[in-house]
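Asks:
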Amino acid sequence: MDNQSEIDKKLEKIKSVFALNEILMKNINQEHIKKYYNINKIPYSIFHTKKDFIHMGISKDGKYKEGDLLEAARTVEDYIKKSSKKILEIAAGRGANSIYLAKKHPKVNFYGSDISKGQLDYAFKKASKLSNFHPEFGDYHDLKKFDDASFDIVFVIEALCHSTKKEKVLKQVYRVLRKGGIFIIFDGYQNKNSLSENERIALKLTEVGMAVEKFESYNSFLSKVKKNKFKIILEEDASNYVLPTMNRFERIAKIFFNHPILAKFISSVTPKAFTYNSLSGYLMPNLMIDNVTCYMITILKK
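In my numbering, the protein residues as written are 1482 to 1783.
Okay, structure coming up:
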């Protein structure tokens, strides 16, 4: 079965469980994003990993291993210098990446901000045992808690996609970075503009499943980067590297959609922000294979 036919078949299965039009009309705003992460506090641990990494693994050998979840943190580590003093993770979630780095670099202070209390609860608990990790509530659109030119590195992993005002985030990050500072971004984007009707529907369902209003095209994002005076020092298409993680989610979602009666019952008694995860889990690999979406590692310099 070719990829387009598989998308068509999956959409039919989704229709047997969910009211498609209701999902397609769903509006994603900041309050919904907060709710999404609070509701999925426990499910992330059950269905992904108990080690608090709530993002894709980078599997360069084509096979998923739990250690692949550390690849983003290892990339950040490549830019930590002996002179580095302060590093900020925006949309830090549970703080797993910053905690990993803080343990390895005790002389560097790591800060993590996030809007989700449900996720930050994990970070606060672990911060009590680390003197150089400082989590706090915060919105990456407004980093007023932090001084100008105060950080050596800022990084964000799979969270900039939630913003429809990325110019504000870029401006704030540029402000808090020291001259020569590095901004590291791991994220997903829309990869082509001309979509079939079913590709368009599948993309929207995936966005709702991930609490994303709209995936921006990578070229559109780069135009914002350049307007904010950043210098691009690395771009890497890591789409193939995240497919093994996506395939894990797809296998779980297939079990859900292959039992529509049970799936409808589960959907009727659990929050939609939880069951809609099945949409993105089911469709993400097909969208990536079909080049509808891509996953990029982008590293910028002030």
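Where a beta carbon is used, it is the ideal one built from N, C-alpha and C, also for glycine. Computed from a predicted structure; not experimentally measured.
If you follow the beta strand (DSSP E) that S1609 is in, where does it begin and where does it stop?
Replies: Taken as a continuous stretch (DSSP letters only), S1609 belongs to no beta strand (DSSP E), as it is neither H nor E.
Asks: Any chance you could list the beta strand (DSSP E) runs of at least 3 consecutive residues sitting entirely within the stretch 1580 to 1662, in chain order?
Replies: Those beta strand (DSSP E) runs which fall completely within the stretch 1580 to 1662 and span 3+ residues are 1590 to 1595, 1614 to 1618, 1632 to 1638.
Asks: How far does the alpha helix (DSSP H) with T1556 in it reach, from first residue to last?
Replies: Segment 1552 to 1558, the alpha helix (DSSP H) holding T1556.
Asks: Short of 6 Å in beta carbon distance, which residues of its chain neighbour V1637, apart from the five on each side in sequence? Order them along the chain.
Replies: I1571, A1572, I1666.
Asks: Rounded to a whole number of angstroms, what is the C-alpha to C-alpha distance between R1575 and L1611?
Replies: Near 14 Å, if we compare the C-alpha coordinates of L1611 and R1575.
Asks: DSSP three-state call for D1668: helix, strand or coil?
Replies: Correct three-state label for D1668: strand.
Asks: Considering just the uninterrupted stretch of the beta strand (DSSP E) at Y1776, what are its terminal residues?
Replies: Counting along the chain, the beta strand (DSSP E) containing Y1776 begins and ends at 1774 to 1782.
Asks: Taking 8 Å as the limit between beta carbons, can you name the residues of its chain near P1725, skipping five residues before and five after?
Replies: G1538, S1540, G1543, K1544, Y1545, D1549.
Asks: Among R1729, H1740, I1742, F1746, which residue has its Cα nearest to the Cα of H1529?
Replies: Per the Cα distances, R1729.
Asks: So is N1772 buried or exposed if we call it buried at 16+ other beta carbons inside 10 Å?
Replies: That one is exposed.
Asks: Hey, how far is the Cα of E1558 from the Cα of L1760?
Replies: Rounded to whole angstroms, E1558 to L1760 spans 33 Å at the Cα level.
Asks: Would you call the stretch 1614 to 1634 and the stretch 1647 to 1655 touching, i.e. three or more CB-CB distances under 8 Å?
Replies: Yes: at least three Cβ pairs fall under 8 Å.
Asks: Between D1668 and L1686, which are expected to be in contact by the criterion C-beta below 8 Å, what is the C-beta distance as a whole number of angstroms?
Replies: Not a contact, Cβ separation roughly 19 Å.
Asks: With D1821 as the anchor, note down where its beta strand (DSSP E) starts and where it stops.
Replies: This structure does not reach residue 1821, given that the chain is present from 1482 up to 1783, and the question cannot be answered.
Asks: Could you pull out every residue in the same chain whose Cβ sits closer than 7 Å to the Cβ of D1533, ignoring the five residues on either side in sequence?
Replies: Excluding sequence neighbours, D1533 sits near R1575, A1577, Y1603.
Asks: Please state if the CB of D1718 and the CB of M1765 are separated by a distance shorter than 9 Å.
Replies: No, Cβ-Cβ distance for M1765 and D1718 is not below 9 Å.
Asks: Return the residue from the list A1692, E1697, G1690 that minimises the CA-CA distance to Q1671.
Replies: For Q1671, the nearest C-alpha among the options comes from E1697.
Asks: Please report the residue range of the beta strand (DSSP E) in which I1568 lies.
Replies: Counting along the chain, the beta strand (DSSP E) containing I1568 begins and ends at 1567 to 1571.
Asks: Below 9 Å between beta carbons: does that hold for G1661 and Y1757?
Replies: Taking 9 Å as the Cβ cut-off, G1661 and Y1757 do not qualify as a contacting pair.
Asks: Looking at T1779: is its Cβ nearer than 9 Å to the Cβ of L1684?
Replies: Taking 9 Å as the Cβ cut-off, T1779 and L1684 do not qualify as a contacting pair.
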